[in-house]
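These notes are about the structure you will find just below.
In the UniProt record's numbering, the protein residues as written are 1 to 436.
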């Protein structure tokens, strides 16, 4: 199968799952908002963010494993050692995160004022279910590395279907009968377990018998951590960027402010997610193209993708300004939330225009074994955002966070694009030097 056809097929699987989740969440958010109420829904969003935040603490091992299993020169023996070592690492991290989430949320639930809207029993059960979800989700991350490396994105998207359906459609339905967030988390846990069982059966086909079980190899472990830790800072920065607004607004403003910002933020995140689905398929492919006869095709592919992404970003800004308010009013059916969410959406549309240009360059740099570069720019972006948010939120409220987001990427996005292009040209000259 040709490079472009393979990339289109894998991206198609990713986008099919993603758009299904997008459509499901589109209907479920407004239902959950109305069934739970603004304040409880804000708490629900706050707690849910810990699942995504915990998932980032793989210390970059996921991308290291995917890259190692994708490289054309990796032997079968090396693949087995990589798998077993990854399993051992993820199991250990999952247990540590389980304890950490319980401890942290018990403290926050007793100290943050946004939790006053929920009784203590519901909070405690929610924390227990969330901690177990974090544990299972971390193990699932290990298992999902395999179909990514094998470029089996039909298998990889099984989590999107199972867990995504639970988080959206099923939770929306259940909230109509039991508007209790602990019940919603228990439903989500069941579907995380379904995913876990399904991925075990898939992995055993590739690593049967003793090859399947966790066992740490020091040499492989050092190699994975060497790549992973250079990539980890950027991944952590990305999750902090997604979640820190909840902490700032929850602490400095109110639970309603969390809801008002999170809804337009989720719209922008889902738009950026379309590009990320492509980059997810692009990462193992880019690693496999690092050969003399194929790397120039990689350069042409990147140029075409970035051009199309820029056009899409301009369209997103136009739609936000022309029909954004009408869309939010029709969707949310809550004029108070719309009044504060629409100005945020307008500012974040320009943020989306810029940030949507970064997923493919990030995947390319990871394939080039330069994960420290996007990590640096990711950390720099978040540092600027947090500093500006702390300055702007006391004066501007919810929209102050949006201004902080936009100002930071105006500086960092052009910089990473320039650096990426220089790194790619350097790799081309190394693999295919000009003839004298």
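Backbone N, C-alpha and C define an ideal beta-carbon position, used for all residues, glycine too. The structure presented is a predicted model; accordingly, all values stated were derived computationally and were not measured.
The segment 179-198 in contact with the segment 130-137 per 3-pair CB rule at 8 Å: Segments in contact, yes.
Exposure of residue 219, with buried meaning 16 or more beta-carbon neighbours within 10 Å: With fewer than 16 Cβ atoms within 10 Å of its Cβ, residue 219 is classed as exposed.
Among 381, 102, 349 and 23, nearest to residue 168 - alpha-carbon criterion: Taking only the C-alpha atoms, the option nearest residue 168 is 23.
Entirely enclosed alpha helix (DSSP H) segments - the segment 46-70, minimum 4 residues: With a minimum length of 4 residues, the continuous alpha helix (DSSP H) runs that stay inside the segment 46-70 are 61-70.
Rounded separation between residue 68 and residue 33 - CA only: Spanning the two alpha carbons is a distance of roughly 43 Å.
Backbone secondary structure at residue 207 - three-state DSSP: Reduced to three states, the DSSP call for residue 207 is coil.
Member of 344, 346 and 372 whose CA lies at the smallest distance from the CA of residue 225: Residue 225 has its Cα closest to that of 372, out of 344, 346 and 372.
Helix, strand or coil at residue 167 according to DSSP, with G and I counted as helix: Assigned with DSSP and collapsed to three states, residue 167 falls in helix.
Residue 119 - DSSP class collapsed to helix/strand/coil: DSSP places residue 119 in coil when its eight states are reduced to three.
First and last residue of the uninterrupted alpha helix (DSSP H) at residue 79: 76-111 is the extent of the alpha helix (DSSP H) around residue 79.
Of the listed residues 344, 266, 387 and 429, nearest to residue 399 (C-alpha basis): Answer by Cα proximity: 344.
Nearest-angstrom beta carbon gap, residue 180 and residue 122 [assumed within contact, 8 Å]: With a Cβ gap of about 6 Å, residue 122 and residue 180 count as contacting.
Residue 49 and residue 65 closer than 7 Å at C-beta: No.
C-beta atoms of residue 341 and residue 264 nearer than 7 Å: Taking 7 Å as the Cβ cut-off, residue 341 and residue 264 qualify as a contacting pair.
Contact under 7 Å by Cβ, residue 362 with residue 381: Their beta carbons are not under 7 Å apart, which means residue 362 does not touch residue 381 by this criterion.
Beta-carbon proximity of residue 126 to residue 185, cut-off 7 Å: Yes.
Member of 31, 19, 406 and 116 whose CA lies at the smallest distance from the CA of residue 332: Across the set 31, 19, 406 and 116, the C-alpha of 31 shows the shortest separation from the C-alpha of residue 332.
Sequence-distant residues of the same chain with beta carbon closer than 7 Å to residue 317, five excluded per side: For residue 317, same chain residues with a beta-carbon under 7 Å away, outside a window of 5 residues either side, are 349, 350 and 353 in chain order.
Contact belief for residue 402 with residue 237 at Cβ below 8 Å, rounded distance in angstroms: In this structure residue 402 does not touch residue 237 by the C-beta definition: roughly 18 Å separates them, more than the 8 Å allowed.
CA-to-CA distance, residue 136 to residue 89, given in whole angstroms: Between the C-alpha atoms of residue 89 and residue 136 there is a straight-line separation of about 14 Å.
Straight-line Cα distance separating residue 408 from residue 390: Each residue's Cα considered, the two are about 13 Å apart.
Straight-line gap, residue 404 to residue 347 (C-alpha atoms, nearest Å): Computed Cα separation, rounded: 10 Å.
Presumed contact (8 Å Cβ cut-off) between residue 439 and residue 272, rounded CB distance: Nothing in the structure corresponds to residue 439, since the chain is present only between 1 and 436.
First through last residue of the alpha helix (DSSP H) which encompasses residue 150: That residue, residue 150, is in no alpha helix (DSSP H); it is neither H nor E in DSSP.
For residue 54 and residue 196, the rounded distance between their alpha carbons: Those two C-alpha atoms are separated by around 17 Å.
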